[in-house]
Every structure is written in C-alpha cells, then in structure tokens.
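First to last, the protein sequences are chains F, R, A, B, H, Z and E.
Under the working numbering, think of the first position of the first sequence as 4, with each following residue one higher.
Under the working numbering, think of the first position of the second sequence as 4, with each following residue one higher.
Under the working numbering, think of the first position of the third sequence as 4, with each following residue one higher.
Under the working numbering, think of the first position of the fourth sequence as 4, with each following residue one higher.
Under the working numbering, think of the first position of the fifth sequence as 4, with each following residue one higher.
Under the working numbering, think of the first position of the sixth sequence as 4, with each following residue one higher.
Under the working numbering, think of the first position of the seventh sequence as 4, with each following residue one higher.
Below is one structure, written out as structure tokens, with a few remarks after it.
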Amino acid sequence: MNEFLSSLNLDSVIKIFDNGLVKTVIVLVVAFVMNRIVKGFIKRVIKKMPDDTRRAETVMKILSSITTAIIYFIAVLECARVLFGVNPATVIAATGVVGVGISFGAQGLVKDMISGFFILFENQYAVGELVTISGFTGNIVQLGLRSTQVRNAKGDLFTIPNGSISEVINHSRGERQVIIDVDIDYDADIDFAIEVLKKALDCENNAELAFITQTDVLGVSKLSESSVQLRVTANCASGDQFAAERALLKVIKLSLDENKISIPYNHIVVVNK
Amino acid sequence: MNEFLSSLNLDSVIKIFDNGLVKTVIVLVVAFVMNRIVKGFIKRVIKKMPDDTRRAETVMKILSSITTAIIYFIAVLECARVLFGVNPATVIAATGVVGVGISFGAQGLVKDMISGFFILFENQYAVGELVTISGFTGNIVQLGLRSTQVRNAKGDLFTIPNGSISEVINHSRGERQVIIDVDIDYDADIDFAIEVLKKALDCENNAELAFITQTDVLGVSKLSESSVQLRVTANCASGDQFAAERALLKVIKLSLDENKISIPYNHIVVVNK
Amino acid sequence: MNEFLSSLNLDSVIKIFDNGLVKTVIVLVVAFVMNRIVKGFIKRVIKKMPDDTRRAETVMKILSSITTAIIYFIAVLECARVLFGVNPATVIAATGVVGVGISFGAQGLVKDMISGFFILFENQYAVGELVTISGFTGNIVQLGLRSTQVRNAKGDLFTIPNGSISEVINHSRGERQVIIDVDIDYDADIDFAIEVLKKALDCENNAELAFITQTDVLGVSKLSESSVQLRVTANCASGDQFAAERALLKVIKLSLDENKISIPYNHIVVVNK
Amino acid sequence: MNEFLSSLNLDSVIKIFDNGLVKTVIVLVVAFVMNRIVKGFIKRVIKKMPDDTRRAETVMKILSSITTAIIYFIAVLECARVLFGVNPATVIAATGVVGVGISFGAQGLVKDMISGFFILFENQYAVGELVTISGFTGNIVQLGLRSTQVRNAKGDLFTIPNGSISEVINHSRGERQVIIDVDIDYDADIDFAIEVLKKALDCENNAELAFITQTDVLGVSKLSESSVQLRVTANCASGDQFAAERALLKVIKLSLDENKISIPYNHIVVVNK
Amino acid sequence: MNEFLSSLNLDSVIKIFDNGLVKTVIVLVVAFVMNRIVKGFIKRVIKKMPDDTRRAETVMKILSSITTAIIYFIAVLECARVLFGVNPATVIAATGVVGVGISFGAQGLVKDMISGFFILFENQYAVGELVTISGFTGNIVQLGLRSTQVRNAKGDLFTIPNGSISEVINHSRGERQVIIDVDIDYDADIDFAIEVLKKALDCENNAELAFITQTDVLGVSKLSESSVQLRVTANCASGDQFAAERALLKVIKLSLDENKISIPYNHIVVVNK
Amino acid sequence: MNEFLSSLNLDSVIKIFDNGLVKTVIVLVVAFVMNRIVKGFIKRVIKKMPDDTRRAETVMKILSSITTAIIYFIAVLECARVLFGVNPATVIAATGVVGVGISFGAQGLVKDMISGFFILFENQYAVGELVTISGFTGNIVQLGLRSTQVRNAKGDLFTIPNGSISEVINHSRGERQVIIDVDIDYDADIDFAIEVLKKALDCENNAELAFITQTDVLGVSKLSESSVQLRVTANCASGDQFAAERALLKVIKLSLDENKISIPYNHIVVVNK
Amino acid sequence: MNEFLSSLNLDSVIKIFDNGLVKTVIVLVVAFVMNRIVKGFIKRVIKKMPDDTRRAETVMKILSSITTAIIYFIAVLECARVLFGVNPATVIAATGVVGVGISFGAQGLVKDMISGFFILFENQYAVGELVTISGFTGNIVQLGLRSTQVRNAKGDLFTIPNGSISEVINHSRGERQVIIDVDIDYDADIDFAIEVLKKALDCENNAELAFITQTDVLGVSKLSESSVQLRVTANCASGDQFAAERALLKVIKLSLDENKISIPYNHIVVVNK
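Pasting the structure below:
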C-alpha cells in the first residue's frame, strides 16, 4: 500500500489520465453531466416562458434530443480516438462523403420541422380550425412537426409539408364580418334602396337573422358596368359566416323584389347601322 | 513457451496492437459489432412505434443499409490507412473531387427518397387510391421509394419523382360530400324551389339515390349575373362521388322541369338607341 | 515564503500559465471582460442613433445576445481543449455534421429575423396600420421578430414569416388621395360635365363631403370603348379613404342624373346582313 | 545468397515497403484488384435484379466506369505522392480551383445522367411510345443517358435534357379510355337521348366501331350554360384512341341528327328595354 | 547600461520579438498603419473618378469601414494568439458555426447593400423622381443603402429592399413623348382625319396645348377590329406628360366631333338564320 | 572522376532529388509527358466514336485545353513550392478568396459552355435550321460554344446563352406534316364534305399542290361550339410547310364554296323575353 | 573583404535567403515579373483574335487587373508571413469570415460583370440600337460593364444589371421584313383580292412606298372566325419598319376600299327561338 501511495505522485496521475480507458470513462461522464446541465437549463428557460404546459413540453423534448445527439456524438468520437486511435477527422470525413448528399436532400426535412415548430409555437392554427394554406381551404385534421393535413368540405384530404407553408390564412379566430355587394339598377333611387336594405337587415327584429350580431349598409361602393353597387356588412360568430351569407342573400333578394328594386342583368346599348 | 510468456509484457502487447494486420482485424470486428448494435437499436425503436408490420420493415431496411454503408466505409478507410499507409484524406479528397459533382446532382435523388420515405411513413396515399398530385388526378398504380405512378381515367400513366411531390390531395379517405350549385331564374319563387329540390332529393324514398346517405338544400349561395344559385349537398361513400353527382344532376333537372322552374340561360338587357 | 518568492522566477510563472485550471480561469475572465466591452460599445453606438428608446433596446438586446453566444462558445471550446484535451476541431466538426442540415434549414429562420429586425428598425409598419403584404390587405395585428400577423375586414387572420415579406405597401402614412374615373356618354358635352362635377364636389359647401379636404376634376383621362372618362381626385385624412370614395360616388351619380348626363352602358354597333 | 537471406529480416522488408517504386507497384496492384472485386460485386448485384439483359448491362457499365475512375484516381494520387513527393493536397486543391466552377456548372450534367439512368431503370418510356414531357406531346425518337428526343405529329423534333424532365405522362401503356361529353338541348328528353346514344354506340353491331372494345353512356355530367352534358366513354387498344374519338364523334352526330336531338349553340336571353 | 547594451545582441532582439506583448504592439501598429495606407489609397482612387462630392464620400465611407473591419479583425486574432495562445482556427471555426446560418441569412442584407450602392453610384434614380419599380409606380420618397421608399398618387407608401430591385424604369429623365392611338371609323376618310388632327394639335396656335413642344400625326398604326387607328405623338417636359395627355384627348375628341368623324363603338355583323 | 563516382552513392542521388532546381525540372518534364499522354488518350477515345471529323476536333480541343490547364497549374504550384518555398496552400487560398466570388459568378459561364458542347455534340441544331428556343422561332444564324443567335422572319436577331437553352424544338429535321382543322356547318352533310375535301386535296392531280407528297382527311375531330371540325393532314418536305399550309387553305376554301358547304361564323341562339 | 568572401559559402547564402527582408524583396520581384509576363501573354493572345481595337483593349484591361490583384495579394500574404510571422491562414480565414457574406452577396455583381463582358465581346448590341431586353423595347442609351440603360419612345429610362439579361432581341441588325395579315370578307374573291394587293403594293411605282425594297403577297394564311387572312410581306432598311408598316396599312386600306373588298367586322349568326 505504501509503495502504491509513494508511487502516486503527480506524474503517475497524469499518466493514468493518458490511459485510454480512464480517458474514455471521463469523456463519457463529462458528456453525461453536460447533457444533464444543458437539459436542466433548457427546462428552466422553457418554464419562464408564458406558455401552456403541452407546448412547453414539445419544445423541450425537441431541444433536448438535439443536444443529446450532439453531446454523445462528440463523446463517441473522442472514445473512438482515445481507445482505438481512430482519427476523428476520418470518421467525420467518411460520414461527410456519405452524408453530404443526404444533408443537402435532408435540409428540406429540417426546414419542414423548423416551420412546424413555429406553427406550433406561434399557435398559427389548431386542429379543427378553418384555414387556407397554399390555396386549399379546409379544416385542420392533423398538425404534425413535419406536415399538416387539411380536409375540405368535399372530403378531399390535403397533405402539405410544413416547410412549404409560408402564408397561412386562419378563418376561425375572432368575430367574422360578411361583406356583400348588392347590385341595383342605375335607374333605382339609391337612398330608397339603402333604406329598404337597412329595414330588411334589421337583425334584431328578424328571426332568420337572429344569429347575426350587427348589420350595416355602408353606401355606394362602385358604379359598375350595368349596376350601382351598394355594400352591406354583417358581423357574426366564427363558423356562422357561410350560413349568415346565405340568410342575408335571401333576405336582400326578397326585400328588393318586394320594393320593386330590380337586380339588373348585364346591359348593352345597341346602335343599328 | 516460457520465453514467449516472459516476453509477453505490456509493451509487447501494445506493439502487437501497433501491428497493421491486428489493427485491421480489430477495426473490422469493431465495425461488425457496431453495425449489429446499431441495427438492433433501430429494430427496437421501430418495434415500439404504432405501425403495421410491412412499413416498419421498409423503414428498418433503409436505416440499416445507410448505417452499414457508413460503418464499413469507415472501416475500409482505417484498414487502407493501417495496412498500406494510404492517407484517408487522400481517399476522401479524391472521392470528393470525383464525387462533388455527383453529390450535387444526386441530392435530387436523396430528396426523392426522403420524400418517398415520408409518403410511406405518413401513409399519405396507397396503391389504388384516387389522388391529385401536381395537377394530375388519377389512381395510384405504383408507390416506390423514388417515384410514384398514377393512372388517370383516360389511361395516361403519370410518373413523378417523389421529391417533386409537395402537396397531395387524396380523394379516397373517409366520406365524400358532393356540392352542386343549382341555377334558378331570378323570377322564380326561392322558397318553392328549395321545397321542390328537398322533395326531389329525398334519398331515402328515391331508388336512384339509394346509395347517397344524406342530402341537404342549404339555401341561396349567390346572386349571380343571370340566376339565383341554390346550394345542394349530398354525402356518399368514397368512390361513389362521380355517380352521385350524375344521379343528382339528373334528378334536379327533371324535378325543376316538372315544377316549371327554369334553369336560365345568360340574360342581357338590350337598350336600342 | 522566501522560498516561494525565490522560486517565482519568470519560468515558473509561464509554467503556471501552462497549467490547465489557471488557463481556464483566464479564458473565462477574458471572455467575460470582452463580452462587457462589446456590450458597452454596442450600447454607445445605439445611443448615438436618432432613435426612440423602445426600438434602440430591441436592437441592443439582439446584438448583445449574439455576441454573448459567440464569446462564450469560444470560451467553452478553449476550456474543453485546455482541461480535457478535447480537440476543438472535433467538437466543431461533430457539431458541424449534425448541424449542417440544421444550418441549411435554419437559414430561413435567420432570414426571417433579419427581415423582422429591419421592418422594426426602418419602421416600415406598426400595429394597427393598414398594409398590403404579399397581396393580402389588412391591419397589422402583431409584429414579431420572426413573423407578422395581419387581419382583414372579413376577420381572416394572415400569418407570414418576415423573410417572405419583401415588398410592403403601407396605406396609413400621410394624407390619402382618392382617384375616381367617371364615365360619361360620348354624346355628352365634356365642358358641361366637368362644370357639373366641379360644382357637385365642392366639398366646402357640401356637408356630406365635409371630411374631404380638397377635390379636383382633372379632365379627360381616356377615350374608352363606350365612354369618355373624366378623372376626379379628392384628398382626405388616412383611414377616411373608403368612406370618401363612397360619398363621392353617390354625389357624382346624383349630380349627373340631375343634369341628364348619362353614365353609359357598353355600346355595340350592329350591322345587319 | 545466404547473406541476402540473413539480411532479410523483418526490418529490411519494412524498408522495402518504404521504397517508392515498390509502394507504387503495390498501390497499382491493389487498385487493380479492388476494381475487379467491385466490378464483380456490381455484376452479381445486377444479376439478382429482375431485369431484362440490355438494361442490366447499361447500369453495370455506368457503375463500373465510375468506380474505375475513382479507384485509379486514388492510385495515381498515391503514386505521385510516393514517387515524386507531390503532395496529394496540392493536386486536389489545384484541380479544385480549376474544377470548382466546372463542378458547379457540371452538376446539371450529372443531374441529367442520374435522371436518364432512372428513366431507363424504371422504364418510364421507350422508343416509339407516345408521351407528354414538359408540355410537348410526341413519340420518343431517341432515349439517351443525357437527353431525350421526341417528335410530334407535325414533325417537330423536341430535345430535352433528362434533368429537366420531372413529370412524364405516357400515353402508350395499357388500354385507353376515350371520354366524350355530348351536349344536348335543355329541352331534349334526357332518358331518350341516353337511349339513342347507347344504341348508336353499340360497338359490337357497328362495323365502324369494331375496334372499340366497350362503350358506355354514364349519364348527366354537367348542367352547363346552354346545354345538358351527357358523358360517353369508350375503351380501345393503345394507339387507336384518336381514330376511336373521330369514329365516335361522327356516330354520335349522325345518331342525334337522326333522332332530332339538337346539339345546341350558345343561348342568350335578350330583355328589351 | 553597458551590460544591457552588451546583452543586446541579435539573439536577444529576436527573443524580444518572440515576446507576446511586443508582438501585440507591433501587430496593432502594423494594422493601424495599413488601415491608414488603404484609406489614403481609396481616397486617391475616388478623387480621380468624375463624380460629384457627396457620392464620392458615400463610397469612400463604405469601403473604408469594410477595410477597417477586416484589418482590425486580423489584428485581434493575432493578438489573441500571441497573448493567450488562443488558436485563431478555434475562434474562426467557432464564429463560423454560430455564423454560418447568419451568413446564409445575411447574404440578402449584403445583396441589398451592394444593390443600393450601385443605385446611388450609377445615379439610377433620385428623391422626387417618378419611377416604376417592381410594378409599383410612384415618386421616390427615400433612398437608403438597404431599401427604397416610393409613394404613389393615392398616398400608398411602398418599401422595397434594394436587392429585390433589378429593373428600374425612370420616368423623370429628359423630355417625354406622349403616344395616343386615335380610333376612327372604317368609313371615315383617312387623309381628311389626319388633316383635321394636325390642325387641331397645332400646339403653337392653341393656348391649351402651349406647354407641349411638338406634336405629330404619324399615320395609320393599325387596322383594328372596329376602327382604323391613327397614331398621334406629342413632346413635353418631364412631369407634364399626364396633363399633356388629358389636354390632347380633349382637343382630339372636340375636333373629331366638329368634323363629324366618329370614334366608333365595337361593331358586329349579325347574320339572321 | 573517380571521386565523383565514388561519391555517387544512393544517398547523394537522393540529395540531388531534394535539390530545388532538379525537382523543378523533373516536375515540368513529368507535367509535359503526362499532358502528352492524356492528349493522346483523348485523341484515341474520340477516334473510336462514330463522329464526323469537324466535331471530333472541337471536342478534342476543349478537353485538351482543360487538361493542359490543370496539369500546368499543378506544375507551377509545385515549382513555386520547391524553388521559393511558397506554400501551395497560400497560393490556392489567395486565389480562392479572390476567386470564390468569380467562381460563383462564373458557373453560369461554365454551364453555358457545357450546354454548348452538348448542343454541338448531340447535333441538336445547325446553322440555317428553323428552331424554336425559349419561345422564339427563327433560323440559326450562329452557334457558338457560349451562345446561340437566331434570326426570325421579321429580321429580329435573338441572342441567348446556351446555358439558358434547355428545351429545343427543331422544325427542320425530316418530313413535315401540316395539320388543318376545317370548320363546316352543323347542318352540312359530313360524308359529303369529307368526299369534297378528299377530291380537292388530291395532290397528284392538282398542280398547285404538286409539292405536297400526301394528303388525308381523317374525319370528325371535334364537335365545337358553332361548327363540326374535320381534320385534314398533308405531308411535305421540310421548309415547304408554310407554303403548303397556304396552298391547302386556299384549295379548301374554294372547294367548299364550290360545293355550297359553308364555313360557319359563330352562332348564338337568342331567346326574346 | 576576404573574410566576407570566405564566409560566403553556400550555407550562408541559404541563410540569407532565410532572412525575411531578402525573401520579401524576392517575393515582390517575382510577383512583379510574373505580372509582366502574364500581361504580355494576355496581350499577345488578344492580338491574335479577329477583333477591333477598342474591344480588345477592354478585354485586356479586365484580365490584367484581375491577374494583378491575385498576384499582388499572394505577394502581400507571403510578405506578411515572412516579415511578421503572420500566418497566411489567419489572414485568409479572417478575410473569409468577414467576406463570406460579402462573397455570396457579391456574386451577383460578378455575374453582372461577366455578362457585361460577353455582351461587349460578342457585340450583342451597341449604343443607339433598338433592342428588346426583359420585355422592355427601346434604344440603348448606355452600355456599361455592370448595367445597361435603354430608353423607349415615351422617354422612360430603363436600367437593368447585365446579369439579369439573358435573352436579347436586337431589332437593328440587317434588313427588316414587315409582316401584315390582311383580313378580307369570306364572300370576297380571294384571287382578285391578291391581285388588288399585289398591284397596290408595287413599291417601285408607288412614291409613298419608295423606301420599301420589296413586297410580296404570300397567300391565305388563315381561315379565321370572321375573315380570310391574306399575308403580305415587305422588306425595308433597319429603322424604317414602323414607317413602312404605317405606309403599307394605309395603301392596303385605300386599295381594298377602291375595289369594294371589305375588311369585315366580327360576324355572328343569330338563331331566333
């Protein structure tokens, strides 16, 4: 024992550190500890953010797994170098030659996932909401990290990778305003027409329009080719907009008919030669 | 024998490890073992996923072959270095110069295969389903890792690399809704027309519409140029949508004729000067 | 003590510097000090810029956090090298292999944030303003560093990453000019029509047009297919442009009617064969 | 002799290996042997694939020549290094500076050849088949590894690099279905018209339609502006589709004429004011 | 003193140079001097260019700040290496890993500034000028190094990064020519019409056209569907083009009316069956 | 002499090889010899290809000059290293920094030349031939390695870099087929019309059509809005297609007139309300 | 002196070469000489090309300045290394980090200049010529290495960077052909109309058409909806094409009027129901 201790001078300790196995163990321990520290750090940062629990967990899982991958990859490289003398450059370069093509091809995948992360994180849309993505309008069926699925009224199922989504229109957030341009004849009395529309669209006294919160007749929006356009607006809850539009159109048609204000067909002046 | 053993001190062992052949054998053994471990790991991960057997196998085969390629490439590089003193950098750089062009060109191939992998993995469409891909509508004939083949009603065979597929519309998942906008005359009685359509489309009492599960007349969808549009919807099983639309159109036409509600041609008002 | 001092020659000092722990401490101190200096420098530069306080803070925070990230990453690399003999190249290369795909994918994110920074910095638009971005017109709801949210009159919520915004049209800065092209009959007296319009649009004496600051009838802007176009302009405060256009259209229609100047339908000359 | 043998201890052998010329010979031999092995391996893999002989050979030739190029390039680099002390890095870097521009420019060429390889390998189209590529419809005249030539009915010769071909429509695989939408008057009796068409298109009893295997009248496909559309389908062998369409159109026209069912011109309702 | 001098042999001087602090000072001095030299050089080059003072200064400031940044960055790297033994490769690589994403994202920023530099340098447009950029026509409000702001007649403020500007149309440089195609009836006498137009557009004798420098009637520019087109041109000062067009249109309309030359509506020949 | 020879042992020979000048000479000689060998190899490969002499020479010249450039660049680098101790890495890196921008910019140039090479090599078009490139139709005026010039019938000279040419339509290879769709009245007798056309287009007995090798009347190609379309085809030599089309159109018009088969104007059915 | 000479053995010479200052001088001298040689070489190559003097000078200046930049940059790097021990890698890497963004952004600039070089070199257009670039037609005002300026008839000044110019249409090279399609009535006698046009367009006997070198009436180019189209061509000098077209249109109109051949309006057949 004494001999051992006496031999335990600094030099020998350093030599032990030079020993491959010991180094490997140290590397792995350091990797393990660092991984813990980083994960703890991420957890703490996430907690501070004003975010509901489910989303915070998603974010944490993604960041943790990326960190873990990097740290253990470094550890493996160090071990391979220390134990078998494998040059890390060799491993990386070899991985690189096989991997460069994959990387280029895979960047689309990464882009998809970053986009997906931000869609989740910024809460751009949620399952069930009515959205327009890339010209396709429908309800969100599934919202993954890589792709989104939307189903339209006809039942078509639309799948799009999140990286191809840049502009999103969400039709399900907040109150909706329906805008209808009513065409009346050039010969019609504008003020009388506005009066008629206002009375017809009085949603408080019309059972059919009861689910509409507010209507307004704004005035003349356009002097178009064959008609004077009057703009009508109506507010309703999200999801009621299509029913509201149909109810309004019917009420408008009937009230104009009743008051002999015609909705004109296209007009043409014929000059005979 | 004694001499051999006595000479078998640590130094000589280390020297043996320095020997090229021994190193080569070790490298190959390590590569073989690592390959096994990684494959086992992939197998275990795949098993845990809620996935039908066939697809799990596809995924496993792809990941395994990539891993195998990388591990043995590293092993070959190490062997070349150990045995013949070939500098790994030389091999990689040489491969690189020949390969950089190939890599850039081949990234399309990798992109195709990653896309193909996710189409399979996310089960975006399957053989026989009716889809619209890149503006071409038809049934999936073949679904490979690199490309997809679709055949339309005319018999045209459409081949597209998976990497060019970003937005997929699948018409064969779940129940279908047929939407028909019926044009009626501006002079027609809207409520009567809706009544007529509702009676005509009563699919429970109409043998021709027996395969349609539900129909509805929603109301006025548009005051268009020469007609009032009424929206009709009908639900049916996937695959029946075209037959359903044809059956509905015929029933609508006949019922409107019967009730003297005309489907108007384009109207024009002529002013003679 | 004497012995210690006598041993404290230059050689021993240098040796201490060679010691890993000491080096690490120095590296960290240097990193800390440099970080402080750079942050101070940024603060001073920002202060000199003619900028309101809130924006200056945003800029400073971004620049500071980037600088901090770089400086401490270098410090960590140096420490890893000094303490455990980890080759920085290994760490960087390993990070690289995992990171190259991420980098390529993430460049979109960086582009978004740089764009967002300049939108804030150049004050291109602010919350509440009416803008047209990527063909979508609405009011800014939220303006983040990565994305912008716009809500249109119908209530649609449009989300777009800032990197996809290159051309912005802001409708809420300064006075607005409404431009209306009035169609009159080819047989009408142009000078009389201009006179009529000028009198009708006299916004100082017309209560309905009181919120319009100035109107002008510029003259004949086009000899179009069936009408002579007269251009009318009106100035109003930002936000009033839609109300102004509606008010003007009504006044124009009524005054032309009153003076028997017709707004013509499309004309066609029919030659009978 | 004895002296030679006695001097042939391990050290001297190693020294011989250090000798440049010997090394060169070994490198070349190894390159030659590896080339053989890889080629044999490729041959064996190709043989196992369920592929006709000609294509298997094409694939094998391409892979072999790429492998040969890489292996001998490595060998040349090693020889240059061993014999003349030329640093491989120098050669590669120099090649790189001249080659980087070429590589970027040449990636198009590589992309063309990879695409060409897969067109051949997946048998997307063959010489003589009628295809639509990049909006140009014609028969394949030549199918090279880099480009494809198509000649249309007019005799125009279209040349396109394979890398620019992503979506291919092949009109020559399997049976063809001709789809014709017949317009009949809104006043016509739909059931009678369907009866007339069915009788006229009875291809088993009509010599002119003998080459058509099957016809069907599906029903009302659309209530269009001025006509009711009935959909007719017919199956025929690939290549007969244009003749089939012409024969069907003539038969349909004659049978409708015979039964006084008119194919309507566009209708317009004129309201005189 | 003597001792010092005697010890001041070459070796000791070299040793001093090896000393970190001295090296650092030298590096900084060299950096400072080189910076001065380069700046002087740039100043001299700029002076020789035939350029107004303000622009020359802009160019000089940009080039100087880039040069300064590079020179001091090199100096800092050298100091870090010399003083603390920090490997420059470590710093650069670390900066690189953090920076590669930023670089890719930031290239847009650099592109913007290079474009902005050339817009200024080539004097493509200036504040106040009427331009068309990316389909938006208006007057330049602000011209920065990164972006340009344009305001149109309606008051819309358009902001575009300079890097997105490739094609610029400037409507404010030199004299303007207004081109008007006058439609006259197919039955009209062409030579008489040309005579009428020439007399009407005699801008020297017409007070309303006094600001137009020259007018010309070129002849028959097109035999269009319902009219013979005569091309009229007029030159005016930049900025007057819209007023000129309006004045010309009115004069043309009145003179044709006066001479009973009709501007025809669309013609159609009706064959009754 | 003896002394010299005695001193000429292996060591001294090796030392000579270490001498810079000798090494330089060797490098240059090796470069020269390799250049010769590669050129000879290229010549032999080219000779084996079934290619006309002029093109083979073009190819050989290009490949030779690229090879020469690379070989001598390597030689110069080696000489610079051997003679002046200039680090090849320095040269290459310096060239790189200046060159990276140039390389990126120049890749377009390389792409142009590779495209040009394949246009020549695959003989896609030749001077004088009528082609359609990038939507511009005209005759090839000049065909360079970098760009192609086309002149259309109007005399416009179109210059396009070869790299921008991907799809080429060549109208001058082989026999041409003219396709004409003749519109006849819906009331006309189809069989009679086909008979009339067949007789009129009998090119063997019609002097005006003597240069047409073959004509055919295929049948009803379409039931269009106001007419029944009959498809007529005619074959002629390349270059005669425009004259052929004009001759055919005249003959068709006259023969239909003669037989009272009208080419119908657009039809419309008017319903008076 | 003797001592000096005696000490001047090879070793000391080599030592001198090792001395920094001497090395620097040598490097600079070599750089200077190489620069001269390369410039001379470029001059000689340029001289051999069949090129007018001005353009040859432009090319030479560009190539010379690039070469000079590279050679002196290498020299500066070597000097910095030799004199101050600055590692070239440090300089290049540092330049790189600052420069990579700039490089990416600047590649557009390089692309512009390479394009500009080839526009000059291939003489694609010259100042004053009428061209169509990127859809804008006008006369070249200025042709720089980076950008081109075009002014159209209206006076709009169009600036485009040369790198954005890929397809150029030059309207000012060689003789022009004007192509006019004359519409005549379906009832008109085609042969008589051709005769009339031929007589009217006899440019040798018509003073108004004296500047037209040749006219031809090709025949029936199309049987269009309401007219038979006859194609007329006329050749004239470059620049006269617009005047020629106007003169021809007038002559055609007058001659057809004179011979009672009508230019038909659109025809429509009305069927009354």
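C-beta atoms are modelled at their ideal positions from N, C-alpha and C, and glycine is treated no differently.
Boundaries of the alpha helix (DSSP H) in which H:Gln244 is found, first to last residue: Gln244 to Glu261
Minimum C-alpha distance to H:Leu148 - residue among H:Asp219, H:Phe161 and H:Lys114: Measuring from the Cα of H:Leu148, the nearest candidate turns out to be H:Lys114.
Contact with chain Z by E:Gln180, beta-carbon distance below 8 angstroms: With a threshold of 8 angstroms between beta carbons, E:Gln180 makes contact with chain Z.
C-beta atoms of E:Leu259 and E:Val220 nearer than 8 angstroms: no
Exposure label - E:Ser227; buried when at least 16 CB within 10 Å: exposed
Residues sharing a beta bridge with A:Phe120, DSSP: In the DSSP output, where bridge partners are listed per residue, A:Phe120 has none listed.
Spatial neighbours of Z:Gly138 in its chain, beta-carbon cut-off 6 angstroms, leaving aside the 5 residues before and after: none
Cutoff 7 angstroms; reference A:Asn165; Cβ partners in own chain excluding five residues on either side: Asp115, Ser118, Gly119, Ile122, Arg149, Ser150 and Thr151
Nearest to B:Ala196 (by Cα), restricted to the options B:Asn208, B:Arg234 and B:Val33: Measuring from the Cα of B:Ala196, the nearest candidate turns out to be B:Arg234.
Helix, strand or coil at Z:Leu148 [DSSP, three-state]: coil
Local conformation of F:Ala240 per DSSP, three classes: Here F:Ala240 sits in coil by DSSP.
Simplified DSSP assignment, three categories, for R:Ser224: strand
Contacts of B:Phe121 in chain R (Cβ-Cβ under 7 angstroms): Arg149
Pairwise C-alpha distance: F:Ile183 and F:Ala191: 18 angstroms
DSSP bridge partner residues for B:Thr216 (one or two, in chain order): DSSP, once it has assigned bridges, lists no residue as partnering B:Thr216.
Buried versus exposed call for Z:Gly242 [16 or more other C-beta atoms within 10 Å across all chains shown]: exposed
Where H:Asn142 falls: helix, strand or coil (DSSP): strand
B:Ile215 versus B:Cys206 - alpha carbon distance: 6 angstroms
In DSSP terms, what A:Phe161 is bridged to: According to DSSP, which records beta bridges pairwise, A:Phe161 is partnered with F:Ile172 and A:Val153.
Runs of beta strand (DSSP E) wholly within the stretch 174-208 of chain Z (minimum 3 residues, chain order): 179-187
Cut-off 6 angstroms between Cβ atoms - residues of its own chain near B:Leu133, not counting five sequence neighbours on either side: Asn142, His174 and Ser175
Residue burial classification, A:Ala247 (beta-carbon count within 10 angstroms, cutoff 16): buried
Residue burial classification, B:Val272 (beta-carbon count within 10 angstroms, cutoff 16): buried
Where the beta strand (DSSP E) containing Z:Ile136 begins and where it ends: Leu133 to Ile136
Unbroken beta strand (DSSP E) run spanning A:Ile271, endpoints: Asn269 to Asn275
Straight-line gap, R:Phe161 to B:Glu170 (C-alpha atoms, nearest Å): 7 angstroms
Coil, strand or helix - R:Val130 by DSSP: coil
Close Cβ partners of E:Gln217 (< 6 angstroms) along its chain, the five nearest in sequence each way excluded: Asn238
8 angstroms Cβ cutoff, Z:Val127 in contact with chain B: Note that residue 127 of chain Z is Gln in the sequence shown here, rather than Val. Taking Cβ atoms only, chain B reaches closer than 8 angstroms to Z:Gln127, which makes this a yes.
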